[in-house]
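Numbering-wise, the sequence shown is residues -25 to -1, 1 to 211 according to mature numbering (1 follows the signal peptide of the UniProt record, and there is no 0).
Heads up: the structure comes next, in structure tokens.
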Amino acid sequence: MGAPLRKIIALAAMLALAGLSPAIADEAKPFTDAKVVNLTILLPPPPAADSMQTKSEIAAVLALQVERTPEELKHAQADDEETVWRFGGELFGAKFDKAKLPKFAAFFDRIIETEAAVVDPAKKTLGRLRPHLVSDLVRPAVEPSKSGSYPSGHTTLGTLEGIVLANMVPEKRAEIMARAWDYGHSRLVVGIHYPSDIEMGRISGTVIAETIMRQDDFKAEFEPAKAELRAALGLN
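Below, the structure written as structure tokens:
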């Protein structure tokens, strides 16, 4: 048995004794979860599938399906990527490089896990059917999902990322928050959400941001991530 293999086995044994696997040890930990930010209590219940509001919202989705330009569709399809790199790439350009931003990347891994920890349980409980599962006239332009539609997870994450990034780079606050708005709108353009899903996603992202920004662990990781990003972007 070679020395590298013995080291790997030894590391795995140490992690096992600690009750961890290598995969679990590397996982990002959310800053909060659905026990703290319970969206099923904070948000109004979604409209029923046969309600006038849902019918009106489906009509809005269908209108976008006809009116969207090829450029708008391409942009919205690219926004299906649920990462801070997609969110911020158009804002910050080539300097926004994951390989050169390890502290920032690790911090935003926790942001992404936070959105999932809060939103996924709420989606399961609230159980709103996606537009294409209510009307066969709706044809999603991204991979169809059968998970709950309400609130929009992409929009929640985009809003959360936008608020945090705007606090890191206040010089571009207007552009960052416009991008957050656009990131949510992309979910309508591709026909995978209702307008009210997007609205509730924006509310959810704001509530999550306001909750975690008060926490000591958030503050401790925010400052180094901010400094690293600003240095990479050439900002004082």
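Note that the Cβ used here is the ideal one computed from N, Cα and C, for glycine as well.
Keep in mind the model is a prediction, meaning the values are calculated, not measured.
Query	Result
Pairing CB atoms from the region 87 to 103 with CB atoms from the region 137 to 144, are three or more of them under 8 Å?	no
What separation, rounded to the nearest whole angstrom, lies between the Cα atoms of Lys4 and Lys78?	14 Å
Report the rounded CA-to-CA distance for Leu132 versus Val59, giving the unit in angstroms.	9 Å
Beta carbon of Gln52, beta carbon of Val12: below 8 Å?	no
Residues in the same chain with beta-carbon distance under 6 Å from Ala206, minus the five sequence neighbours each way, listed in chain order, please.	none
Please classify Val41: is it buried, with 16 or more other beta-carbons within 10 angstroms of its beta-carbon, or exposed?	exposed
Please report the distance separating the alpha-carbon of Thr100 from that of Leu112.	26 Å
Measuring alpha carbon to alpha carbon, tell me which residue in Thr130, Gly102, Ser110, Gly68 is nearest Ile87.	Thr130
Quick one: grab the DSSP three-state call for Met188.	coil
Would DSSP call residue 212 helix, strand or coil?	Because the chain is modelled from -25 through 211, residue 212 falls outside the range shown and cannot be assessed.
Please classify Ala(-3): is it buried, with 16 or more other beta-carbons within 10 angstroms of its beta-carbon, or exposed?	Because the pLDDT of Ala(-3) is 37, which lies under 50, any placement of that residue in the model is unreliable, and the question is left without a value.
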